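Participant: Taken in sequence, the protein lines are chains A and B. Letter 143 of the first sequence, counting from 1, is numbered 139 in the working numbering, and no numbers are missing. Every position in the second sequence, counted from 1, becomes a number in the working numbering once 70 is added. Cβ atoms here follow ideal geometry from the backbone N, Cα and C, with glycine treated the same way. Here the structure is a predicted model, which is why all the values come from computation and not from measurement.
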Amino acid sequence: MAKLACEFIGIKSINPFWLASAPPTDKAYNVVRAFEAGWGGVVWKTLGEDPGAINVSSRYGVHYGQNRQVIGFNNIELITDRPLQTNLDEITQVKKDWPDRVIIVSLMVPCEEEPWKLILHRVEATGADGIELNFGCPHGMPERGMGAAVGQVPEYIEKVTRWCKQYSSLPVIVKLTPNITDIRAPAEAAIRGGADAVSLINTINSITSVDLDTMSPEPSVGGKSTHGGYCGPAVKPIALNMVSEIARHPASANIPISGIGGISNWRDAAEFISLGAMNVQVCTAAMLFGFKIIKEMCSGLSDWMDKKGYLNINDFCGAAIKNTNDWKYLNMNYKRVALINQDHCIQCGRCYAACEDTSHQSIAITEKAGAREYTIIEEECVGCNLCQITCPEPEAISMIDIDTGKPHLNWTHDPRNPLREKQ
Amino acid sequence: MSVDHDIQSKRLDAINILDNFSDIHPALTMKQALVASERCLFCYDAPCIQACPTQIDIPLFIKEINTGNAHGAAKEILSANILGGSCAKVCPTETLCEQVCVRNLKEQAPVNIALLQRYAIDHLDSSQAYPFTRDKNTGKHVAIVGAGPAGLACAHRLAQKGHRVTLYEAEKKSGGLNEYGIAQYKLLDNYAQEEINFVLKIGGITIQYETALGSDITLQELRNTHDAVFIAIGLNATNKLNISGEQFNGVEDAIDYISQLRQSTDMTDLPVGRRIIVIGAGMTAIDIAVQSKKLGAEDVSIVYRRNQESMGASDYEQELALKHEIHFIFNAQPYQILGNNKGVTHMQFKQTQYDTMGKLVATNDIIELPCDIIFKAIGQQFNIFPLANKDDPRPKLDKRGRIQVNSQFRTSLDDVYAGGDAIDGLDLVVEAVDHGNKAAAAIHQQLQD
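See below:
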């Protein structure tokens, strides 16, 4: 049977699932409940200097999909609003009570050497397994020169990381903000500063909705709002890309990654790990469904690994990196087309509307025995996948490889490329 | 108790009756409407639209419900079918829009179109402006005979175009079948009249009640005093069994009883038989059987001369009857009715079977059932209205004896149109609305020429 126990920058964990630094890890009560449910570790909600942060009322805004399914939500909550010593005492106690579980302490203090030096000593005394530098919080803290304000300036990241390595023996994870143009720059800065790992992504700048009666964006604080940090299933594709960017970039390929961003089930976790994350952090899924979802994540991942013959996380960690490339290296001679399985088609015509109105006019309608039959016009089909995406029936449309008989040819060598490399 | 002629009122008390005649399909809550509307796939060239005689854009109104615009959904429905409210309640959607819903294919359950349509209509925001406007008065005046679904739909469309309309209605109330003929549990309270009030809000429509064509007013008079005439008088006679004993007390037309039931102010006062036989196999047969049961009849049997597969009532309607513990007796052809001076006591049937050619033949096996009431629900007929003078022109009739019309719903007389059950068709409310809509378009066209 597959083993979920794993090691991340020398820290042993009973499984690769940690709770990310956020409200679920705000205090001992929650963290103990999480450990009882089976979570491998937590990143304790960000500590800062006293006095603690002051939060506003009304803190989360939602982006709903069908059936009130939460596609994503955002928050305008700040770092911990509890006294530093209270948090440190609780961390000490919980770590003592749960020695096999991981506690990473998230930190955010002003971008000056002295405050970092002071807090690092106190954290180390708790027996915590490591620290995570919160350079990502996109609201509230940047106005005070912290959070994303630091994460968006590689020089600051490097400087603070270096202080942390200098004044603490704990492993250092640098949490990256996605609110930048190229995620590789802050990752490289963290590496230069001596980081042991990076974790990403933090939340994304966002406004989830506007109340059209009051004309206030959500979450409304007395009729006014601000941008908040977006999380949940909607951000997963953005996070996956950023993880892969770091994992396949030569200058950052060797830095261990803790993957974060909309991980809702075992499959999402497996995808992050396949793109190079060595473990994952979860928040939104727990906030929506409670800590019990860890059971689905563990059983799903373990069963899938058994089916695939993977004995441990390392067996497939990074397995999809080699298949993640720049566009110019994709095979220009590869062809796929859609195939509609009439036994599963329910004749809703969604594929037709999509293809006819917005794509390549590659679907034909014929009347057959009073019913409509949709078929693919193979010569016109470019294999874009849109019909399959829009189809409500999971088995009705498949994408089929077409053997063109032509060799692999990428754009750098394609004769149609005026700037092609001469072979 | 096994006495004959057991017909009495107050078989059930008022509370039980009220409960039995509550809405058969309770309205959807907002949450239910959201969940139901999520299932609509917004099909291309949607089969449900094609299956609706009035071509309501069903995927569009469901999308509007789903996006929180039920008022807009109602406007969308009403612009295609001004009686969309009652159609949502009385349409046999299981054989129309819901039957062709693509969700049936893999999930065996259509989108609940009928209840969503009703949800939309119920949420039309009455604080908003009336959703239809009337063009400038054209000075043209159209006579519409019959204020049922076809007549009302035609009147509303013509009024929008600025024509003046007078509806000539034989009964005391307008609404036609919706007022007099639909099972009580499908159309509750005063829904038909409320809907008509909404129709009339367009303006330019007057109704002249208790004015029957042929007796109170003649076609020739209408033609002389109006620019066009639309005849939508519905069916006006019932089929007979033509067997001995049909004259006994207790042998009744189902539709007469339904009308009596719909118009009664206290249903506990209605006379109800203990043992009831219903002859027929269509929706009216189911309606009268179920309502009899709801009024407290002990034993109700629907007897049909053919087999179950040949029944006109949909599977859904049949299930409804079974749920009310109504017996079905198939392959039994009415033979004779037995009774005495007080009324009917028994009815005899001949067992039928299909011969090798598939033809239905009666055998000599007799089935005898005791009964207090026999309801005939074997269909209605169309009788053409009488003429003032025998030489007056009259629209031609078709083979079934109904008024013959062309694709524009124009009769053999140039300025006379006809629709609804007065012409050949499915005899459905929603189809009558379609006739009214199309006839209005044709009349408007003619009045402009």
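Who are the near neighbours of B/Ser107 in its chain, counting only those whose CB is closer than 7 Å to its CB and skipping five residues on each side?
Facilitator: Within the same chain, B/Ser107 has close Cβ partners Ile132, Ile135, Asn136 and Leu186.
Participant: May I ask you to list, following chain order, the residues of the region 116 to 130 of chain B that have a beta carbon less than 9 Å from some beta carbon of chain A?
Facilitator: Cβ contacts with chain A: Ala116 and Pro117.
Participant: By Cβ distance below 7 Å, which residues in the same chain neighbour A/Ile176 in space, the five residues on each side in sequence not counted?
Facilitator: Closer than 7 Å at the Cβ level, and outside the excluded window around A/Ile176, lie Gln148 and Pro182.
Participant: Just mark A/Trp262 as buried or exposed, buried being the case when its beta carbon has 16 or more other beta carbons within 10 Å.
Facilitator: Buried.
Participant: Does the contact criterion of 3 or more C-beta pairs under 8 Å hold for the region 235 to 254 of chain B versus the region 265 to 283 of chain B?
Facilitator: Segments in contact, yes.
Participant: Compare the C-alpha of A/Ala124 against each of A/Pro111, A/Gln89 and A/Tyr152 and name the closest.
Facilitator: Closest by alpha carbon: A/Gln89.
Participant: Which bits of chain A does B/Lys133 rub up against, with CB to CB less than 8 Å?
Facilitator: Simply none; closest approach about 12 Å.
Participant: State yes or no: is the C-beta of A/Asn26 nearer than 8 Å to some heavy atom of the ligand SAM?
Facilitator: Of ligands this structure carries none, so the ligand SAM is not represented either.
Participant: Output the distance between the C-alpha atoms of B/Tyr189 and B/His95, rounded to the nearest integer angstrom.
Facilitator: About 12 Å.
Participant: Can you give the Cα-Cα distance for B/Asn139 and B/Asp491, rounded to whole angstroms?
Facilitator: Rounded to whole angstroms, B/Asn139 to B/Asp491 spans 35 Å at the Cα level.
Participant: Closest to A/Lys216 by C-alpha separation, out of A/Val58, A/Gly36, A/Asp397 and A/Cys387, would be which residue?
Facilitator: Contrary to the premise, residue 216 of chain A reads as Ser rather than Lys in this sequence. Among A/Val58, A/Gly36, A/Asp397 and A/Cys387, the Cα nearest to that of A/Ser216 belongs to A/Val58.
Participant: According to DSSP, is A/Ala367 helix, strand or coil?
Facilitator: DSSP places A/Ala367 in strand when its eight states are reduced to three.
Participant: Whose Cβ in chain B lies nearer than 9 Å to the Cβ of A/Asn329?
Facilitator: The contacting residues do not exist; A/Asn329 stays about 33 Å from chain B at best.
Participant: What span of residues does the beta strand (DSSP E) with B/Thr236 cover, start to end?
Facilitator: That run of the beta strand (DSSP E) goes Arg234 to Tyr238.
Participant: Is the beta carbon of A/Gly255 less than 9 Å from the beta carbon of A/Val231?
Facilitator: Contact: no.
Participant: Can you tell me the Cα-Cα spacing of B/Gln102 and B/His193, whole angstroms?
Facilitator: The alpha-carbon atoms of B/Gln102 and B/His193 are separated by roughly 14 Å.
Participant: Show which residues of chain A have a CB atom less than 7 Å away from the CB atom of B/Val503.
Facilitator: The premise fails here: B/Val503 is roughly 25 Å from chain A at the closest Cβ pair, so nothing lies under 7 Å.
Participant: Do B/Ile313 and B/Gln406 have their C-beta atoms closer together than 9 Å?
Facilitator: Their beta carbons are under 9 Å apart, which means B/Ile313 touches B/Gln406 by this criterion.
Participant: For A/Tyr60, which of helix, strand or coil comes out of DSSP?
Facilitator: Three-state result, A/Tyr60: strand.
Participant: Could you tell me whether the Cβ of A/Pro388 comes closer than 9 Å to any Cβ of chain B?
Facilitator: Yes, because at least one Cβ of chain B sits closer than 9 Å to the Cβ of A/Pro388.
Participant: Helix, strand or coil for B/Gly343, going by three-state DSSP, please let me know.
Facilitator: DSSP places B/Gly343 in strand when its eight states are reduced to three.
Participant: Just to confirm before moving on: does the CB-CB distance between B/Ala509 and B/Cys224 stay below 9 Å?
Facilitator: Yes, the Cβ-Cβ distance between B/Ala509 and B/Cys224 is below 9 Å.
Participant: If you measure between the beta carbons of B/Phe452 and B/Gly471, is that distance less than 9 Å?
Facilitator: Going by C-beta atoms, B/Phe452 is nearer than 9 Å to B/Gly471.
Participant: I'd like the list of long-range same chain contacts for A/Ile99, defined as Cβ closer than 7 Å, with 5 residues on each side in sequence excluded.
Facilitator: So the list reads Gly37, Val38, Trp40, Ile87, Val90, Lys91, Ala124 and Asp125, once near-sequence residues are dropped.
Participant: Write down the C-beta distance between B/Asn319 and B/Gly413 rounded to the nearest angstrom, noting that I regard them as a contact closer than 8 Å.
Facilitator: That pair is a contact at about 3 Å.
Participant: Do we get a CB-CB distance below 9 Å when we pair A/Cys344 with the residues of chain B?
Facilitator: Answer yes: the Cβ-Cβ gap between A/Cys344 and chain B drops below 9 Å somewhere.
Participant: Determine the direct distance from the alpha carbon of B/His226 to that of A/Asn70, and round the result to whole angstroms.
Facilitator: Computed Cα separation, rounded: 50 Å.
Participant: Using a 10 Å radius around the Cβ and a threshold of 16 neighbouring Cβ atoms, would you call A/Gly272 buried or exposed?
Facilitator: Per the 10 Å Cβ criterion, buried.
Participant: Under 9 Å between the Cβ atoms of A/Ser358 and A/Cys377?
Facilitator: Yes.
Participant: Where do the N-terminal and C-terminal ends of the alpha helix (DSSP H) with A/Asp302 fall, by residue?
Facilitator: Its alpha helix (DSSP H) spans residues Ile289 to Lys304.
Participant: For the alpha helix (DSSP H) that contains B/Ser362, what are its first and last residues?
Facilitator: Run containing B/Ser362: Met353 to Lys364, per the alpha helix (DSSP H) assignment.
Participant: Just the C-alpha distance for A/Leu326 and A/Asp397, rounded to the nearest angstrom, thanks.
Facilitator: When rounded, the distance between both Cα atoms is 15 Å.
Participant: Going along chain A in order, which residues have a C-beta closer than 7 Å to the C-beta of B/Lys176?
Facilitator: Under the 7 Å cutoff, chain A gives Ile342 and Glu389.
Participant: Whose C-alpha, out of A/Tyr370, A/Asp192 and A/Ala18, is nearest the C-alpha of A/Ser164?
Facilitator: Of the listed residues, the one whose Cα sits closest to A/Ser164 is A/Asp192.
Participant: Following the continuous beta strand (DSSP E) through B/Ala402, name the residue where it begins and the one where it ends.
Facilitator: Ala402 to Asn410 is the extent of the beta strand (DSSP E) around B/Ala402.
Participant: How is A/Trp112 classed by DSSP in three states: helix, strand or coil?
Facilitator: Note: A/Trp112 maps to helix in three-state DSSP.
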